[in-house]
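**Student:** The working numbering applies: residue 923 is where the sequence shown begins, and numbers increase by one.
Below you'll find the structure I mean.
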Amino acid sequence: LDNNLLLTCKGQVEKFPEHIVSFQLNVTFPPEEIIIIGNEFFSNLSMNNDTYNEFECRTSISNPQTQLTIIRQSNDGQKHFDIRYKTSDTYINGINSIKFMLPQIDLSLHENLLTCQAISNIDTSLLTKQVTYVLYVNHKPYFQNFNRSIEVKESQSFNITLEAKAYPMPISYTWFHPTGRQLMNDQLNIFVNQGQLSLINIHRNDLGIYRCIATNSIGYTEVNFTLNVL
923 LDNNLLLTCK GQVEKFPEHI VSFQLNVTFP PEEIIIIGNE FFSNLSMNND TYNEFECRTS
983 ISNPQTQLTI IRQSNDGQKH FDIRYKTSDT YINGINSIKF MLPQIDLSLH ENLLTCQAIS
1043 NIDTSLLTKQ VTYVLYVNHK PYFQNFNRSI EVKESQSFNI TLEAKAYPMP ISYTWFHPTG
1103 RQLMNDQLNI FVNQGQLSLI NIHRNDLGIY RCIATNSIGY TEVNFTLNVL
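Have a look at this one:
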């Protein structure tokens, strides 16, 4: 780039003194690149842990200085300006940067979008350059709403599917009969496939409280439901 290059023009007419005119070339251009330093931690955030919660948004060289803004977009599409800035915009040797912290890390940040936006005002036009990352918050499984009391007629079949969400994956499921024994697949009456449980030919001794435990590398969550046999 030839920005700030000093240009000199010399001219002379015979028998007259030489004249010199100098001016400095000012080239305006937006940054070509933008990155958040430390973005590798965005895929491994831990709740209520600020140990790795200071980041820096940095651009390549630009002229003039850009305005940097960090925007968080929640899963409902709403944009939030709740980032905690550690510094104001800095502009050193043409490089723009700003340091910031995320809001308190909890489950509401999981799968949010985090964008660093650089706005350049060049020749009365606003030019925008941005980069976006996805936030992933480590958490143990939690279950969606389900029916906690189910009625089945004797000798009929029964089927329930419980869906848990967690990060990181995978999730493993373990089922328990009201008697306390773990339910495993057999060739006659029991079918277990992760969060799905099917019982064939229900009997009176199958009534009671069933337990399902969902586990990932962070922890586990247990839920139960009551099966009533009519």
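We put the beta carbon where it would ideally sit given N, CA and C, even for glycine.
1) For a minimum of 3 consecutive residues, which ranges assigned as the beta strand (DSSP E) are wholly contained in the segment 978-1045?
2) May I ask you to report which of helix, strand or coil DSSP gives R1133?
3) Check F938 in the structure and name its three-state DSSP category.
4) According to DSSP, which residues form a beta bridge with I1207?
5) Pairs of beta-carbons, one from the segment 972-985 and one from the segment 1063-1081, closer than 8 Å: are there three or more?
6) Which residue marks the beginning of the beta strand (DSSP E) containing Y974, and which one marks its end?
7) State the Cα-Cα distance for the pair I1020 and S1010, rounded to the nearest angstrom.
8) How many Å lie between S982 and I958 at the Cα?
9) Taking N1043 as the reference, give the member of T1143, I1135, V1151, P953 with the closest Cα.
10) Express the C-alpha separation of N1127 and I992 in angstroms, rounding to a whole number.
11) I'd like to know whether the C-beta atoms of H1061 and Y1089 end up nearer to each other than 7 Å.
12) Among the candidates Q1116, L1048, C1134, N961, whose CA atom is the shortest distance from the CA of P986?
13) Can S965 and Y1058 be called in contact, C-beta distance under 7 Å?
14) Can you name, in chain order, every residue of its own chain whose Cβ lies under 7 Å from the Cβ of F1113, other than the five neighbours on each side?
15) Tell me the DSSP bridge mates of T1083?
16) Would you call the segment 990-1007 and the segment 1027-1037 touching, i.e. three or more CB-CB distances under 8 Å?
17) Nearest to D1028 by alpha carbon, out of S1077, S968, Q1000?
18) Can you give the Cα-Cα distance for P1100 and N1150, rounded to whole angstroms?
19) Taking the continuous beta strand (DSSP E) assigned at I1072, which residues delimit it?
20) Could you please give the first and the last residue of the uninterrupted beta strand (DSSP E) stretch that includes T1054?
21) Along the beta strand (DSSP E) that carries H1125, what are the first and last residues, could you check?
22) Can you give the beta carbon distance from F1065 to A1040, rounded, assuming they're within the 8 Å contact cut?
23) To the nearest angstrom, report how far apart I1017 and V1056 are at their CA atoms.
24) Is F963 helix, strand or coil when you go by DSSP?
25) So Y1142 and I1135 are supposed to be a Cβ contact under 8 Å. How far apart are they, rounded?
**Tutor:** Here's the rundown:
1) 989-995, 1012-1014, 1017-1023, 1035-1044
2) Numbered from its first residue, the sequence shown carries residue 1133 at position 211. Assigned with DSSP and collapsed to three states, R1133 falls in strand.
3) Here residue 938 corresponds to residue number 16 of the sequence shown, with the count starting at 1. Coil at F938, not helix or strand.
4) Nothing about residue 1207 can be reported from this structure: the residues present for the chain run from 923 to 1152 only.
5) Below 8 Å, too few C-beta pairs join the segment 972-985 and the segment 1063-1081 to call them touching: fewer than three.
6) What you label residue 974 is simply residue 52 of the sequence shown in a count that begins at 1. No beta strand (DSSP E) holds Y974; DSSP gives it neither H nor E.
7) For the purposes of this step, residue 1020 is taken as the residue at position 98 of the sequence shown. For the purposes of this step, residue 1010 is taken as the residue at position 88 of the sequence shown. About 6 Å.
8) Taking the first residue of the sequence shown as position 1, residue 982 is located at position 60. Taking the first residue of the sequence shown as position 1, residue 958 is located at position 36. Between S982 and I958, the C-alpha separation is close to 12 Å.
9) As a working mapping, residue 1043 is identified with position 121 in the sequence shown. Considering only alpha carbons, the answer is P953.
10) By 1-based counting over the sequence shown, the position of residue 992 is 70. By 1-based counting over the sequence shown, the position of residue 1127 is 205. Using only the alpha carbons, I get a separation of about 59 Å.
11) Along the sequence shown, one-based indexing puts residue 1061 at 139. Along the sequence shown, one-based indexing puts residue 1089 at 167. In contact: H1061 and Y1089 (Cβ atoms closer than 7 Å).
12) Looking up residue 986 in the sequence shown gives position 64. Comparing Cα positions, the closest option is L1048.
13) As a position in the sequence shown, residue 965 is number 43, starting the count at 1. As a position in the sequence shown, residue 1058 is number 136, starting the count at 1. Yes, they are a contact pair.
14) Working through the sequence shown from its first residue, we reach residue 1113 at position 191. If you ignore the 5 residues before and after F1113, its C-beta comes within less than 7 Å of the C-beta of N1107, S1120, all in its own chain and listed in chain order.
15) Along the sequence shown, one-based indexing puts residue 1083 at 161. Beta-bridge analysis with DSSP links T1083 to Q1118.
16) Segments in contact, yes.
17) Reading the sequence shown from its first residue, position 106 is the one you call residue 1028. The closest CA to that of D1028, considering only S1077, S968, Q1000, is found on S968.
18) Here residue 1100 corresponds to residue number 178 of the sequence shown, with the count starting at 1. Here residue 1150 corresponds to residue number 228 of the sequence shown, with the count starting at 1. Cα to Cα, the separation comes out at about 12 Å.
19) Position 150 of the sequence shown, counted from the first residue, corresponds to residue 1072. Where I1072 is concerned, the enclosing beta strand (DSSP E) stretches over 1071-1074.
20) Counted from its first residue, the sequence shown places residue 1054 at position 132. Per DSSP, the unbroken beta strand (DSSP E) holding T1054 starts and ends at 1047-1056.
21) For this step, residue 1125 is matched to residue 203 along the sequence shown. Note, H1125: premise wrong, no beta strand (DSSP E); not H, not E.
22) The residue labelled residue 1065 in the question sits at position 143 within the sequence shown. The residue labelled residue 1040 in the question sits at position 118 within the sequence shown. F1065 to A1040, Cβ: 42 Å. No contact.
23) For the purposes of this step, residue 1017 is taken as the residue at position 95 of the sequence shown. For the purposes of this step, residue 1056 is taken as the residue at position 134 of the sequence shown. For I1017 and V1056, the distance between alpha carbons rounds to 25 Å.
24) As a working mapping, residue 963 is identified with position 41 in the sequence shown. Helix at F963.
25) By one-based count along the sequence shown, residue 1142 stands at place 220. By one-based count along the sequence shown, residue 1135 stands at place 213. Confirmed, about 6 Å.
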